[in-house]
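When we follow our numbering, the leftmost residue of the sequence shown carries the number 2, and every step to the right adds one.
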Amino acid sequence: MLIRGKSKNKSKNKNSNRSWLELPEELWENILMRLATIERLLIAQKVCTTWSRVLNEPFMWHVIDMSNCRGLTNSSVFPYVCHDAVNRSQGELVDIRLTFYATKELLVYVAERSPKLKRLSITWCNSKLDPKDLAEVVKELPMLEELCLTYNGITKEGIEALGRFCPQLKSFELNNICCNMKLGNERNVEALAISKSLHVLRHLKLIYNSMTNVGLQAILDGCRNLESLDLRGCFHKTMNTAMAKEPPWMELQEGIWENILQRLGVIEILKTARKVCRKWRQICKEPSMWRVINMRNNGNLTEIGYQLEKICRRAVDRSRGELIDINLQYFGNDKLVQYIAERSGKLKRLSIACCYFKVCESLVEAVQKFPLLEELSLTHTAITIEGIEALGHSCPRLKSFEFNKSLYMGSVDDSDNEDERNEEALAIAKNLRTLHHLHLIGNSMTNKGLQAILDSCPHLVSLDLRLCKYVSLNKVLSSRISRNIKDVKLPHESLEGLEFSFEACWDEDLSDSMSDD
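As structure tokens, then:
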């Protein structure tokens, strides 16, 4: 009995002492990522084959932290360890921190092998690294977003190189607690270079910088996107009232500012308003500010026409999928409509004017991505029969459709075939049965098309037939329209109040004959 009991206990202990090497590799990845770079390379990778295999994966080296190496007994090991870590990243390195032992040769090695680097931090390397060296290094880092230099200098040329070769740089730290003994005009060299070259900065730290008020004023004027600024230890500058105090109107609540800024056009917000101050810039980043995008303009695109599509894309991006209403005038095209469709699944209203045949192909695919669309307005802008069919299949909530065009838009005005003249009207009748509002200014349909619409769209509340010169209302049609539809605009009625001109659509002789009737 004693022997059996002992054997049972042994079996129990064997199961409870399960080997730690059987843990999933995902857990080892999480554990090993918490070790410092030197610990991983000099110790951890030698423990077992599992750890060695995990540490050979490039994603384990997205971040290389060489900041805890002050106690190295042999500093010559530092560059070899860093080289090994950079090589293991296989070009996927995004963040590296170097302390005490960084040299120009090491930085060049890192830069040449790390095109995706976003953050570079260098601390206490002033004895081994000349400030002039950084100008050459940053040329190889086009994706750099953050640069932190502590107890390390950088020349004016280095700052200029940052502005030229690192367009995505958003954060710059130049903290020199015991390195700044500059005198006279030299005190503002770095500040003036920053103000001239780094306009897109969001975060700037200049602890113990030698600049005076001249340099500070230049930074405030040149870096309008700043959200944070650290001036601790900058003893040569004195904050005057104009610099330190915001005007009284800045104390208004953000809700009031949102209301005010939303009254501006998209172009005014993106080109001007967001640059006024930090508060306006923060408000203009909110998706709620971009639920409605109105790109209304007068059609004179000589000055900013080439920028309108770019501005519109930026506005759509800022909406972050919350866009519900967009208005495009004169500059729309297939690519832009597709861009909007892919990013605006909640869109309820789409208005496009004076884009003629530039968007008709893309509309077929675009409307299939607008399941919540309630209103579509096309003025002097074509849509195909397939586009109307896609509206019926993909936009079950569509209640309002405006298809107002000039007859000179190439259609079938000169055709004697009645079926061709009624193609659009028949497509609407067949596919858009739930419409409440329909505007067909300048349409080529005849009584046949109008009859089909009246038969198939029983929910119509308003109908605009102005300039439909082939519609000849008889007593039966007139009676039916007046009885069932509350708001009707007849073919001969005035065009007064319309935003766009339809003069080219109208046949004066036909107008006179209708008036006589």
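All C-beta atoms, glycine included, are put in the ideal place defined by N, C-alpha and C. All values derive from a computational prediction rather than experimental measurement.
Anticipated Cβ contact below 8 Å, residue i with residue j, distance rounded
i, j, result
"Leu42", "Val82", "5 Å"
"Ser320", "Trp291", "4 Å"
"Leu348", "Phe371", "5 Å"
"Leu163", "Leu121", "Contact doesn't hold; Cβ gap of about 11 Å is too wide."
"Val111", "Ile97", "6 Å"
"Glu419", "Ile389", "That pair is no contact at about 19 Å."
"Arg422", "Ser401", "Arg422 to Ser401, Cβ: 24 Å. No contact."
"Ala194", "Lys157", "5 Å"
"Lys105", "Glu147", "At roughly 21 Å, the Cβ-Cβ gap does not stay under 8 Å, so Lys105 and Glu147 are not in contact."
Alpha carbon of residue i to alpha carbon of residue j, nearest angstrom
i, j, result
"Glu494", "His440", "13 Å"
"Leu36", "Met67", "11 Å"
"Lys431", "Ala453", "8 Å"
"Asn328", "Arg297", "7 Å"
"Thr100", "Trp125", "6 Å"
"Gly411", "Phe358", "Residue placement at Gly411 is flagged as unreliable, the pLDDT there being 47, under the threshold of 50; a coordinate-derived value is accordingly withheld."
"Asn475", "Asn448", "9 Å"
"His437", "Leu271", "36 Å"
"Glu23", "Val95", "31 Å"
"Leu221", "Arg275", "15 Å"
"Val48", "Cys278", "56 Å"
"Cys180", "Ile294", "Note on Cys180: pLDDT 48, under 50, position unreliable in the model; the coordinate value appears next. Cα to Cα, Cys180 sits roughly 50 Å from Ile294."
"Gly266", "Ile312", "11 Å"
"Ser395", "Gln369", "5 Å"
"Ser45", "Glu27", "The residue you asked about is not Ser; residue 45 is Ala in the sequence shown. Spanning the two alpha carbons is a distance of roughly 16 Å."
"Lys490", "Gln330", "24 Å"
"Leu207", "Leu499", "57 Å"
"Gly92", "Pro116", "7 Å"
"Ser196", "Leu232", "15 Å"
"Glu509", "Cys469", "With a pLDDT of only 41 at Glu509, under 50, the local geometry of the prediction cannot be trusted, and the value read off the model is given with reservation. If you take the alpha carbons of Glu509 and Cys469, they lie about 13 Å apart."
"Glu376", "Val365", "16 Å"
"Asn189", "Asn214", "9 Å"
"Val201", "His460", "54 Å"
"Ala136", "Glu387", "58 Å"
"Leu150", "Leu230", "15 Å"
"Leu455", "Tyr471", "16 Å"
"Thr273", "Val317", "18 Å"
"Asn334", "Arg398", "25 Å"
"Val256", "Pro288", "The question names Val, yet the displayed sequence has Gly at residue 256. C-alpha separation (whole angstroms): 14 Å."
"Ala391", "Ala428", "10 Å"
"Ser502", "Ala219", "50 Å"
"Thr435", "Leu373", "14 Å"
"Arg484", "Leu324", "38 Å"
"Val477", "Pro492", "16 Å"
"Ser17", "Ile32", "Residue confidence for Ser17 is low, a pLDDT of 49 falling below 50, so the modelled location carries little weight; the figure read from the coordinates is stated next. Those two C-alpha atoms are separated by around 22 Å."
"Trp258", "Cys356", "34 Å"
"Ile268", "Pro168", "23 Å"
"Val64", "Pro132", "24 Å"
Beta-carbon proximity of residue i to residue j, cut-off 8 Å
i, j, result
"Glu326", "Arg344", "It should be noted that the sequence gives Asp, not Glu, for residue 326. It is not a contact, given that the beta carbons lie outside the stated cut-off."
"Glu403", "Ser378", "yes"
"Leu170", "Asn153", "no"
"Trp62", "Arg89", "yes"
"Cys235", "Leu205", "no"
"Leu56", "Pro80", "no"
"Ile160", "Glu141", "no"
"Phe166", "Pro143", "yes"
"Asn177", "Asn210", "yes"
"Ala342", "Thr380", "no"
"Ile482", "Leu464", "yes"
"Ala367", "Gln339", "yes"
"Arg1", "Leu496", "Summary: the structure shown does not reach residue 1, with the chain confined to residues 2 through 518, and so no result is reported for it."
"Leu309", "Cys285", "no"
"Arg114", "Val87", "yes"
Bridge partners - residue i, DSSP secondary structure assignment
i, result
"Asn405", "Thr380"
"Lys490", "Asp465"
"His204", "Ser172 and Ser229"
"Met296", "Leu329"
"Tyr110", "Bridge partners of Tyr110: none, in fact."
"His438", "Ser401 and Ser463"
"Val64", "Asp96"
"Ala354", "Gln330 and Thr380"
"Arg123", "For the record, residue 123 in the displayed sequence is Ile; it is not Arg. In DSSP, Ile123 forms a bridge with Leu99 and Leu150."
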